[in-house]
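To keep things clear, I will list the structure first and then write my remarks on it.
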Amino acid sequence: MFYTFSRRNQPPIYPTASDSEIESQNSEVLIPEWESSKVKSMLDTSYQLKSLLMFGAYYHQKKDGFESVVIEHLRLNGAYWGLTTLDILGKLDAVDKDEVVSWIMECQDESGGFGGNIGHDPHVLFTLSAIQILALFDKIDVLDVEKLDVANLQNEDGSFAGDMWGEIDTRFSYVAICSLALLHRLDKINVEKAVKYIVSCKNLDGGFGCTPGAESHAGQIFCCVGALAITGSLHYVDKDLLGWWLCERQVKSGGLNGRPEKLPDVGSLILFLIIIDRVHWIDKGKLVNFILDCQDKENGGISDRPDDAVDVFHTYFGIAGLSLLEYQGLKAIDPAYALPVEVVNKIFLAK
Amino acid sequence: MNQDLREGRARIPLSERPEWADVRPVPQDDGPNPLVPIAYTDEFRETMDYFRAVYLANERSPRALHLTKEAIFLNSGNYTVWQFRRLVLEALKVDLHEELEFLEKITRDNSKNYQIWHHRRWVAEKLGTDVTSNELEFTKEIFLEDAKHYHAWSHRQWVLQALGGWEDELAYCDELLEDDIFNNSAWNQRYFVVTRSPHLGGLEAMRDSEVAYAIKAILAKPENESPWRYLRGLYRNNLNSLAEDPRVASVCLDVLMNKRDCIHALNMVLDLLCHCYQPSNEMKNAIDAVVTPESNLSDLNLAARVCSILQLVDPMRANYWEWRKSTIPVHLEDIDPGMEKQCVV
Numbered sequence: 000m001f002y003t004f005s006r007r008n009q010p011p012i013y014p015t016a017s018d019s020e021i022e023s024q025n026s027e028v029l030i031p032e033w034e035s036s037k038v039k040s041m042l043d044t045s046y047q048l049k050s051l052l053m054f055g056a057y058y059h060q061k062k063d064g065f066e067s068v069v070i071e072h073l074r075l076n077g078a079y080w081g082l083t084t085l086d087i088l089g090k091l092d093a094v095d096k097d098e099v100v101s102w103i104m105e106c107q108d109e110s111g112g113f114g115g116n117i118g119h120d121p122h123v124l125f126t127l128s129a130i131q132i133l134a135l136f137d138k139i140d141v142l143d144v145e146k147l148d149v150a151n152l153q154n155e156d157g158s159f160a161g162d163m164w165g166e167i168d169t170r171f172s173y174v175a176i177c178s179l180a181l182l183h184r185l186d187k188i189n190v191e192k193a194v195k196y197i198v199s200c201k202n203l204d205g206g207f208g209c210t211p212g213a214e215s216h217a218g219q220i221f222c223c224v225g226a227l228a229i230t231g232s233l234h235y236v237d238k239d240l241l242g243w244w245l246c247e248r249q250v251k252s253g254g255l256n257g258r259p260e261k262l263p264d265v266g267s268l269i270l271f272l273i274i275i276d277r278v279h280w281i282d283k284g285k286l287v288n289f290i291l292d293c294q295d296k297e298n299g300g301i302s303d304r305p306d307d308a309v310d311v312f313h314t315y316f317g318i319a320g321l322s323l324l325e326y327q328g329l330k331a332i333d334p335a336y337a338l339p340v341e342v343v344n345k346i347f348l349a350k
Numbered sequence: 000m001n002q003d004l005r006e007g008r009a010r011i012p013l014s015e016r017p018e019w020a021d022v023r024p025v026p027q028d029d030g031p032n033p034l035v036p037i038a039y040t041d042e043f044r045e046t047m048d049y050f051r052a053v054y055l056a057n058e059r060s061p062r063a064l065h066l067t068k069e070a071i072f073l074n075s076g077n078y079t080v081w082q083f084r085r086l087v088l089e090a091l092k093v094d095l096h097e098e099l100e101f102l103e104k105i106t107r108d109n110s111k112n113y114q115i116w117h118h119r120r121w122v123a124e125k126l127g128t129d130v131t132s133n134e135l136e137f138t139k140e141i142f143l144e145d146a147k148h149y150h151a152w153s154h155r156q157w158v159l160q161a162l163g164g165w166e167d168e169l170a171y172c173d174e175l176l177e178d179d180i181f182n183n184s185a186w187n188q189r190y191f192v193v194t195r196s197p198h199l200g201g202l203e204a205m206r207d208s209e210v211a212y213a214i215k216a217i218l219a220k221p222e223n224e225s226p227w228r229y230l231r232g233l234y235r236n237n238l239n240s241l242a243e244d245p246r247v248a249s250v251c252l253d254v255l256m257n258k259r260d261c262i263h264a265l266n267m268v269l270d271l272l273c274h275c276y277q278p279s280n281e282m283k284n285a286i287d288a289v290v291t292p293e294s295n296l297s298d299l300n301l302a303a304r305v306c307s308i309l310q311l312v313d314p315m316r317a318n319y320w321e322w323r324k325s326t327i328p329v330h331l332e333d334i335d336p337g338m339e340k341q342c343v344v
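Going down the list, the protein sequences come from chains Z and L. At position 190 of the first sequence the residue is numbered 189 (numbering that gives the first Met the number 0), and the sequence of numbers has no breaks. At position 149 of the second sequence the residue is numbered 148 (numbering that gives the first Met the number 0), and the sequence of numbers has no breaks.
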């Protein structure tokens with residue numbers, strides 16, 4: 000298909016028109032070995048974290064105290080973040096597979112799309128999470144693929160709406176493309192136009208925004224670069240220009256910020272640095288240490304930056320980031336599909 | 000927070016309100032053995048139970064509209080509630096100007112919420128050019144508190160493109176940059192205006208004055224990455240022209256005279272050298288001034304020397320500069336010093 004896959008400890012290779020230049024990557028990550036077991040044992044033992052990972056609520060620091068915000072309406076996304084994290088840690092067995100799968104199928108709306116929880120309206124963001132979770136459990140076959148309604152959300156200009164209300168955003172392009180690719184159904188959309196729209200969102204810094212002309216932002220760049228990788232269109236990315244923008248995101252503490260002059264946090268940057276094969280341009284050891292500094296040392300979990308409260312979203316990005324930085328003891332993750340490599344391989348190499 | 004509480008009134012439970020007496024609430028089904036039970040507050044639980052009831056009955060009534068408002072105040076991120084609210088608004092033909100006022104209140108609590116902004120765009124699209132200045136003003140207010148607010152910028156760009164109001168936009172960017180020259184969102188908006196405004200004649204027409212603008216910003220704060228990048232963006236796809244603009248080399252030199260190890264200036268000089276720029280003696284001296292006897296740089300040509308200097312002054316990105324050194328065009332390797340221009344790029 001569009002894709003070749005990585006062996007452990009090697010970045011995945013996305014074929015593009017001009018991609019023969021990548022040579023030896025000599026930067027070694029220097030982390031004491033005990034750190035790795037520390038992360039894992041923390042994640043094992045903490046009930047609080049376990050519940051956090053398996054669908055939990057997430058915590059939000061508010062001005063007037065510490066208040067827990069229920070993400071009932073985002074449960075499907077939360078489940079994806081949590082379960083993928085567990086899988087990277089090799090702990091997916093802790094979850095009752097059948098229970099999760101039947102709950103997911105209950106989130107499917109009559110129209111074929113998925114809601115954030117049972118009885119909620121469908122949105123592509125949830126549909127992708129549902130597909131990804133089913134992929135984790137090797138259960139994509141329970142889906143009635145013909146019933147899914149992702150392709151209809153494509154507009155004439157190639158962009159995608161998130162739902163019937165028509166909000167347009169390159170996030171939805173990624174979500175639609177990733178969903179359909181995992182289902183072997185990319186033929187249902189106009190890939191050429193979809194790619195063209197994403198490319199029209201490219202900025203002078205080589206990054207991408209949510210719509211044409213919108214500022215480059217780590218999360219949006221991940222979506223755009225991920226979608227281009229999946230569709231075999233990475234030659235549209237100006238990798239060296241974007242790579243330099245990414246390099247400039249690393250600050251003294253070792254963390255990466257999502258935009259210039261912002262505070263560093265644990266986020267998606269590392270995913271597309273890997274996709275465009277430029278991760279060796281940053282100081283990987285410092286980044287690993289930054290992520291480790293974001294751990295809650297007592298209860299486990301990872302926060303956006305040191306000393307903040309942990310949540311499932313940043314725990315996921317932290318663990319995924321550590322995996323991509325070849326941290327010991329973690330399963331390899333495919334940065335474009337944001338799923339473990341073995342899961343992606345099963346989907347694309349089995350047939 | 001509930002609206003009643005906000006206004007200092009105690010909330011009356013829905014079950015005690017006469018107008019809801021005929022409705023049987025529908026409880027949340029978390030399954031018989033939820034993996035992780037969610038601790039809902041009573042207020043949240045009750046409101047959502049009634050919401051489920053009107054949603055399932057597809058009741059598009061004033062009381063349903065009010066209920067969605069209460070539910071949104073409790074949790075403005077619930078996608079289904081917003082979607083249902085739009086259906087009710089459409090069915091009741093409500094004056095959407097009121098909806099904008101409601102949105103203003105809710106945005107103050109949680110301005111980083113996608114649903115709120117999406118809903119706002121939906122409302123503004125329906126109201127059309129009547130609300131152009133209102134919407135531009137609204138985002139301005141957001142920027143007073145957070146000048147890099149991503150959703151607000153996205154909304155503002157949509158307003159300009161869909162409803163207009165470009166006339167004062169360049170001046171507004173100016174204002175924001177006067178306030179904070181490091182504001183990358185404002186730089187991005189400036190580029191957006193320069194390249195897309197129907198009144199300015201496009202990038203070609205604006206290039207000259209914008210180069211001057213960027214240079215002024217660089218001289219004020221050479222460590223600011225945004226104007227350096229903006230300057231490159233003005234010569235997008237044509238770095239040879241960038242290298243031919245004498246103002247660019249001149250600003251690099253000015254900066255290096257004051258701050259010999261300025262990464263951005265050295266990086267720009269490197270770009271220029273790779274695109275046919277012939278360095279003056281002053282420039283060569285400025286660069287060699289960074290080199291100390293201990294740094295032991297044996298590179299023959301200037302571009303390679305710049306890379307080596309950058310590796311020393313920016314060790315975190317040493318691998319990047321190493322790579323840059325490996326991509327220096329071959330024709331440069333022998334021309335320094337004193338060779339004739341052989342540039343064929």
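Idealized CB from N, CA, C, for every residue including glycine.
Using a beta-carbon distance below 7 Å, is residue i in contact with chain L?
i      : result
Z/D204 : yes
Z/G320 : no
Z/Q47  : Caution is warranted here: a pLDDT of 45 is assigned to Z/Q47, below 50, making its placement in the model unreliable, and no coordinate value can be reported.
Z/T166 : Note on residue identity: the sequence assigns Glu, not Thr, to residue 166 of chain Z. Closer than 7 Å to some Cβ of chain L, the Cβ of Z/E166 qualifies, so yes.
Z/C200 : no
Z/C246 : yes
Just to confirm the assignment, what range does the alpha helix (DSSP H) spanning residue i have?
i      : result
Z/F347 : 340 to 348
L/P278 : That residue, L/P278, is in no alpha helix (DSSP H); it is neither H nor E in DSSP.
L/L301 : 301 to 312
L/K104 : 95 to 108
L/W227 : 224 to 233
L/F142 : 131 to 144
Z/D143 : Where Z/D143 is concerned, there is no enclosing alpha helix (DSSP H), given that its DSSP letter is neither H nor E.
In angstroms, rounded to a whole number, what distance separates the CA positions of residue i and residue j?
i      : j      : result
L/L55  : L/R62  : 15 Å
L/Y11  : L/F43  : Residue 11 of chain L is actually Ile in this sequence, not Tyr. If I take the Cα positions, the gap works out to 13 Å.
L/M205 : Z/D86  : 53 Å
Z/A93  : Z/D140 : 22 Å
L/V210 : L/D167 : 20 Å
Z/F221 : Z/K192 : 19 Å
L/A123 : L/D270 : 45 Å
L/H150 : Z/C209 : 10 Å
Z/N202 : L/A288 : 35 Å
Z/I332 : Z/I229 : 15 Å
Z/D120 : L/D108 : 24 Å
L/W322 : Z/F271 : 19 Å
Z/T84  : Z/L133 : 15 Å
L/R51  : L/L66  : 11 Å
L/V329 : L/H274 : 12 Å
L/L230 : L/N239 : 13 Å
Z/S158 : Z/G218 : 17 Å
L/L162 : L/K283 : 52 Å
Z/E247 : L/P314 : 12 Å
Z/A226 : Z/V236 : 11 Å
Z/H183 : Z/V190 : 13 Å
With 7 Å set as the bound, which would you pick, yes or no: does the beta-carbon of residue i sit closer than that to a beta-carbon of chain Z?
i      : result
L/F191 : yes
L/Q277 : no
L/N237 : no
L/T106 : no
L/Y78  : yes
L/Y319 : yes
L/R316 : yes
L/Q82  : yes
L/S110 : no
(request) Identify each residue in the region 77 to 91 of chain Z for which the Cβ-Cβ distance to at least one residue of chain L is less than 9 Å, and report them in chain order. (result) Taking a C-beta cut-off of 9 Å against chain L, none of the residues of the region 77 to 91 of chain Z qualify.
(request) Below 8 Å between beta carbons is the criterion; list the residues of the region 110 to 121 of chain Z that meet it against any residue of chain L, in chain order. (result) G114, G115, I117, G118, H119, D120
(message) Against chain Z, which members of the region 244 to 268 of chain L pass a CB distance test of less than 7 Å?
(response) none
(request) Would you list, in chain order, the members of the region 156 to 174 of chain L that have their beta-carbon closer than 7 Å to a beta-carbon of chain Z? (result) Answer in chain order: Q156.
(request) Can you give me, in chain order, the residues of the region 255 to 288 of chain Z that have a beta carbon less than 9 Å from any beta carbon in chain L? (result) R258, P259, E260, K261, R277, H279, W280, I281, D282, K285
(message) Against chain L, which members of the region 210 to 222 of chain Z pass a CB distance test of less than 8 Å?
(response) T210, G212, A213, E214, S215, H216
(message) Counting only Cβ-Cβ distances shorter than 8 Å, please list the residues of the region 122 to 152 of chain L near chain Z, keeping chain order.
(response) K147, Y149, W152
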